[in-house]
Amino acid sequence: MRGWSSCLAATAACLALNTPASTQPADRTIEEIKSETLARAQTGAYPTLGIDPADAREALALINTRDADDWAAGWSTVGDRYLAKAKAASDPKEADANYLRAWRLYYFAQWPAPTSAGKLAAYRKATDAYLLHAKSFEPPLEIVRIPFEDSEIVGYLRLPPASVARPVPFVLAISGLDSRKETVAETYAAALANGIGFIAVDSPGTGQAPVKASETADKMYSRVLDYLGTRPEIDKSRIIVHGQSFGAYWAAKLAHTESARLAGAVVQSPPVHETFQNAFYRKRLATPEYLFDMLPASLFVYGLASLDDLLAFAPKMSLQTQGLLGKPTAPIFVVGGARDTQVPIADLDLLMNSGEEPREAWINPVGGHMGRTASDWPDPVIFRQVILPWEIRHLSQKNAP
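In our numbering, the protein residues as written are 3 to 403.
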């Protein structure tokens, strides 16, 4: 049970919010959540990426309350059907398609965090379904277990086809507050054809991460870099870190603390300083850009019990408060949206202008969080047209030792 230890340890503490209702940020009602979820599924907007609107409509019809287990049960019921289809299928392609569908539904069943017994069960099902889907991968997916303190770091590692000369350039890809290493691994499959390998790892406090988020949790990624240095297939001089949303915080921090071991860092909507200040943090917890339950998800990731606890702790996460800004860094590529209500553009500007090392940026002037817009710039398009080309170009400039 070691892989689930951090998730299980915090579940009981996060099942209930101790904050008085009068001080909690406003959030959507269940009917508003259902309506917005279906609307996003119909356009393929985050966090409903890959979910068939018909499946969303069926799952939502089973959900009647804001209870976390009610939410998990509705989506899991539909996921169970596809899992059964996959296991009964004689055609491997049909089985794989159904495992993929089941994974997406289970993942959304636990969204945004496994804060109840039902959501935790859905998360486990999501992980199992994804690994069944991954059995069809070529090149294969390797489950890496890296010893860390009294636990372990679990990562998904994939290398380009054997026809690509070794050692290969590589990306350490970090998920965000409500994404998981499975979603990141699915995204980064597109890099393999370009001769780039990757390892997908959960953010602290999420998934199977061995530690909760804190001002020192980046040490788990230093341990991952230690491990990557032992793999002869990986070019140690050509490793980039890419973080999404809260994952971008860790990528930005590693760009400073691990500049000697990184060839670059892609930071997509990185919280840097203002995000963690109380005045903005209160606003971000109530933004309609986030589908629902940002407060419970945030409490869960830190292992805290109340809004007051969160507001007291958050300022410690500031990279400015930690004295990192202005210190030497790896080259940084900042990606984001000018209309982001979860991470202010001021944080991106601060990171861009706080050091002398090379900085580049792609900012969507009408984009929200992660730089996305539902129509022109959804997440997959930003990855394939903005982030991956930068990584390919930048990694090609670094020569193997």
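Where a beta carbon is used, it is the ideal one built from N, C-alpha and C, also for glycine.
Proximal residues to residue i (C-beta, below 6 Å), its chain only, five neighbours per side dropped
i, result
"Lys318", "Glu217"
"Lys329", "His258"
"Ser407", "The requested residue 407 does not occur in the structure, where the chain is confined to residues 3 to 403."
"Gly81", "Ala104, Leu107 and Tyr108"
"Glu184", "Tyr132"
"Lys407", "Any property of residue 407 remains undetermined from this structure, which presents the chain solely from 3 to 403."
"Glu60", "Val80"
"Ser125", "In the sequence under discussion, the amino acid at residue 125 is Tyr, which differs from the Ser named in the question. The answer, listed in chain order, is Gln112 and Pro116."
"Tyr190", "Ala175 and Phe200"
"Gly231", "Lys238"
"Ala91", "Ala97"
"Ile394", "Asn196"
"Gly76", "Ala61, Leu64 and Ile65"
"Gly52", "Arg106"
Start-to-end residues for the beta strand (DSSP E) that takes in residue i
i, result
"Gln44", "Segment Ile32 to Thr45 is the alpha helix (DSSP H) holding Gln44; no beta strand (DSSP E) there."
"His275", "Note, His275: premise wrong, no beta strand (DSSP E); not H, not E."
Run of the alpha helix (DSSP H) containing residue i, from where it starts to where it stops
i, result
"Arg361", "Taken as a continuous stretch (DSSP letters only), Arg361 belongs to no alpha helix (DSSP H), being part of the beta strand (DSSP E) at Arg361 to Asn366."
"Asp349", "Ile347 to Met354"
"Pro382", "Asp381 to Ile384"
"Thr50", "Taken as a continuous stretch (DSSP letters only), Thr50 belongs to no alpha helix (DSSP H), as it is neither H nor E."
"Ala314", "Leu309 to Phe315"
Three-way DSSP call (helix, strand, coil) for residue i in this model
i, result
"Pro162", "coil"
"Phe335", "strand"
"Ile389", "helix"
"Ser320", "coil"
"Val303", "helix"
"Leu327", "coil"
"Pro55", "helix"
"Leu179", "coil"
"Asp342", "coil"
"Asp204", "coil"
"Gly369", "coil"
"Trp77", "helix"
"Ile65", "coil"
"Pro94", "helix"
"Asp378", "coil"
"Val186", "helix"
"Ala483", "Residue coverage of the chain in this structure runs from 3 to 403, which leaves residue 483 outside it and unanswerable."
"Ser216", "coil"
"Ala211", "coil"
"Glu358", "coil"
"Ala167", "coil"
"Gly5", "For Gly5, the predicted structure reports a pLDDT of 37, less than 50, and the residue's modelled location is therefore unreliable. A value from the coordinates is still provided. Helix, per DSSP."
Residues sharing a beta bridge with residue i, DSSP
i, result
"Ile148", "Ile155"
"Gly199", "Phe172"
Chain-order list of residues whose beta-carbon lies under 8 Å from that of residue i (same chain, five-residue window excluded)
i, result
"Ile2", "This structure does not reach residue 2, given that the chain is present from 3 up to 403, and the question cannot be answered."
"Gly199", "Leu159, Arg160, Leu161, Pro162, Val170, Pro171, Phe172, Val173, Ala193, Glu235 and Ile236"
"Phe385", "Thr189 and Ala192"
"Gly369", "Gly338, Gly339, Ala340, Arg341, Asp342, Thr375 and Trp379"
"Ile241", "Pro171, Phe172, Val173, Leu174, Leu227, Leu230, Arg263, Leu264 and Ala265"
Chain-order list of residues whose beta-carbon lies under 7 Å from that of residue i (same chain, five-residue window excluded)
i, result
"Pro169", "Pro234, Glu235, Ile236, Asp237 and Ala402"
"Leu306", "Leu312 and Phe315"
"Lys87", "Asn100"
"Gly46", "Pro380"
"Pro360", "Pro333"
"Gly178", "Ser205, Gln246, Ser247, Phe248 and Gly249"
"Thr129", "Glu184"
"Ala167", "none"
"Asp72", "Ile65 and Asn66"
"Arg147", "Glu154 and Val156"
Which runs of the beta strand (DSSP E) spanning at least 3 residues fall entirely within the segment 225-299, listed in chain order?
236-246 and 266-270
Ignoring anything shorter than 4 residues or poking outside the segment 113-150, list the alpha helix (DSSP H) runs there in chain order.
119-136
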